[in-house]
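Residue numbers (the numbering used here): 1 to 755. Following: one structure in structure tokens, then a few remarks.
The structure is reproduced here in structure tokens:
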């Protein structure tokens, strides 16, 4: 059936009632295959009498005689008509249009005055999309706030639609426009309905908007982004106002193009989209625009959580009948007031029942371990250091330039989340390395393992920089066994003319960076692995994955780690605190991970915006879902030439610091070989936490997932029983130079103590 085409009388797609005068009906009724004939005149004229003479109540002595006379007179006028509904095979005899409309709208008075009702009888509305659209159409038809409806939708009714679309199962397979048109006709056969069962396209848009007179209002409830944009551009040109309900949080958009013909499409949220540009976008490229237009960060938490499950455990976003019917009421009410010039504003409006009708807020859940310790007062620490050390050692007479070079070399060392959990002090020619507990506090940094590793990397940088200056660095591993519990190492610097200057090591040190790009799966040069083994200290070992099967299996574990990090409140908070949303954000803080270094698509960045809200992720955690959260890390890690683990038989502070030194040696070696290097070790930290502090996880499914991940990790890397902790990184060939992360200003991480 083509748009607005008359269907055959007994077609399953028939939607238009036939209206006959009495004589015509009598001549045709035997051919109409009728199941039921109903003469409603007596009942309806009785109603008409009561509303025409409200002062004559049923208790009035002349009520019966007067009502009978009125009814007899009306019947004798022969103004009644027969309405035949082919899809029901039912014919009803009702008053003619004028009397019928008077009866049907009588309960509107004086919510609507007769003059307002008359004004509404001239209005034409077009509705694209018939889920919320059906409810708006039917509500408006019931109020009779328009008398011509143009309905467009190409879709057919499915059983899953009936969770929100008013229909019976007998209509499954029927076009939604047919169902809506029939419902309107059964309410009021005199309302004009035109249907567009192929939906709206570039070719028929003008016919929809203009044929039979320009629409007074366009209601957009379609799913297609291209039609949303195209229809709005044309509506703006024609000065037709647009309504859109999103059936989430009672969100309603009003665009008064009739009053504001220069108004930006969708309040400017559509950005640079226009009908020509949108035609060339892929579905994935459309996602960021869609999320911008609906203001994804302000969607309900359940809808945001559900969107994370699309194409994982559900195939499309959910809608509820209560939300759809609320949208129908909001849309119909707003449309009526626009028609009557009672509402002239554009904008986005919310009628959020969950906020309007809600329990009092309760105390929020406090995740164990989230009390952040304060940083030390470094002035106090400095005074304590001076008092404890006494007279400063002057073994090298370092110049200001040498000091600056050494400090700049150590602060570029890597740290988990680029938190830079250290504070350096120089007194005389001795450097003192402290833990900054506030910066070190995180869910992944269990027992400060990550902090010790980061400090080890910084110490290795110090040694290389010192050698380049002809200096010798004598490192004492204090690890809290001194005047201050956060003092990790004490480094005495001496001149050493015999110390070989290795400028290549220095060049590689400054070249070293984290490369989070998707790399090549080409094999890694075996010479690199041979040299890596020479970097090991006592109690350390290396295990390498090089087959595609093994790399993909470890990639799965990195995805599991992300899923858990995002569904534990403390870990989620850390994840978001260390995320920098653009270069300016990263530059201003000097720490954290800039998402521009992650090689994300616009769709990925848009998804990150949804992940910011813990209340959204809480639903995922409570439901035990979230497999889609594993995608990003998994896909990136799969694009590797090898996965390497450096592991230790001990996890005491000194051995973890030494592990950090080894990792930095290998990392700098990777820079020499021009090999991309990225730590991918959250899973080993989480497994360690689960072994030692299982109560700090949010849900039992997380603990079980990590228990299984531990077994997979041991099998994959063939780990020995003496394994205690391992640090994992991916290696790959990459021609791209990754963007380096920023660092904190020196004055925040370094104090030079004068005598």
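C-beta atoms are modelled at their ideal positions from N, C-alpha and C, and glycine is treated no differently. Bear in mind the structure is a predicted one, so any value in this text is a computation, not a measurement.
Check	Outcome
Residue from 88, 359, 636 with nearest C-alpha to residue 183	88
Sequence-distant residues of its chain with Cβ nearer than 8 Å to residue 609 (five each side left out)	291, 296, 297
Where residue 582 falls, given that 16 or more other Cβ within 10 Å makes a residue buried	exposed
Cβ neighbour criterion (16 or more within 10 Å) applied to residue 486	buried
Residue 465 to residue 653 span [Cα, whole Å]	24 Å
Which of helix, strand or coil DSSP assigns to residue 343	coil
The beta strand (DSSP E) enclosing residue 72, as first and last residue numbers	Premise fails: residue 72 lies in the alpha helix (DSSP H), 63-77, not in any beta strand (DSSP E).
The alpha helix (DSSP H) enclosing residue 357, as first and last residue numbers	First-last for residue 357: undefined, no H or E at that position.
Residue nearest to residue 19 in terms of C-alpha spacing, selected from 79, 546, 527	79
Alpha helix (DSSP H) segments (min. 4 residues) lying fully within the region 11-42	22-28
Of the listed residues 83, 63, 579, nearest to residue 21 (C-alpha basis)	83
Which of helix, strand or coil DSSP assigns to residue 513	coil
Residue 643 - DSSP class collapsed to helix/strand/coil	strand
Start-end ranges of the alpha helix (DSSP H) lying completely within the region 661-730, minimum 4 residues	682-692, 700-717
Extent of the continuous beta strand (DSSP E) to which residue 552 belongs	No beta strand (DSSP E) holds residue 552; the alpha helix (DSSP H) holding it covers 548-567.
Option in 446, 123, 250 with minimal Cα separation from residue 321	250
Neighbour-count burial assignment, residue 128, 16 or more Cβ in a 10 Å radius	buried
Entirely enclosed beta strand (DSSP E) segments - the region 92-143, minimum 3 residues	124-128
Residue 205: first and last residue of the uninterrupted alpha helix (DSSP H) it sits in	205-210
Classification of residue 110 by the beta-carbon crowding that lies within 10 angstroms, buried from 16 upward	exposed
Contact between the region 638-650 and the region 714-732 (3+ Cβ pairs under 8 Å)	yes
Contact between the region 35-53 and the region 200-212 (3+ Cβ pairs under 8 Å)	no
Range of the contiguous beta strand (DSSP E) that encloses residue 253	251-255
Test item: CB-CB of residue 490 and residue 575 under 9 Å	no
Which of helix, strand or coil DSSP assigns to residue 419	coil
Residue closest to residue 502, alpha-carbon to alpha-carbon, out of 521, 550, 668	668
Identity of the residues DSSP links to residue 245 by a beta bridge	252
Complete alpha helix (DSSP H) runs within the region 434-467 (minimum length 4 residues, chain order)	437-440
Three-state class that DSSP yields for residue 329 in the structure shown	helix
Residue 476 and residue 451 closer than 9 Å at C-beta	no
Runs of alpha helix (DSSP H) lying entirely within the region 251-331, each at least 4 residues, in chain order	275-278, 283-293, 301-307
Distance between beta carbons of residue 335 and residue 125, contact taken as under 8 Å	7 Å
Spatial neighbours of residue 85 in its chain, beta-carbon cut-off 6 Å, leaving aside the 5 residues before and after	17
Nearest residue (CA-CA) to residue 152, options 117, 227, 95	227
Reduced DSSP secondary structure (H/G/I, E/B, other) of residue 170	helix
Exposed unless 16 or more other CB atoms sit within 10 angstroms - verdict on residue 289	buried
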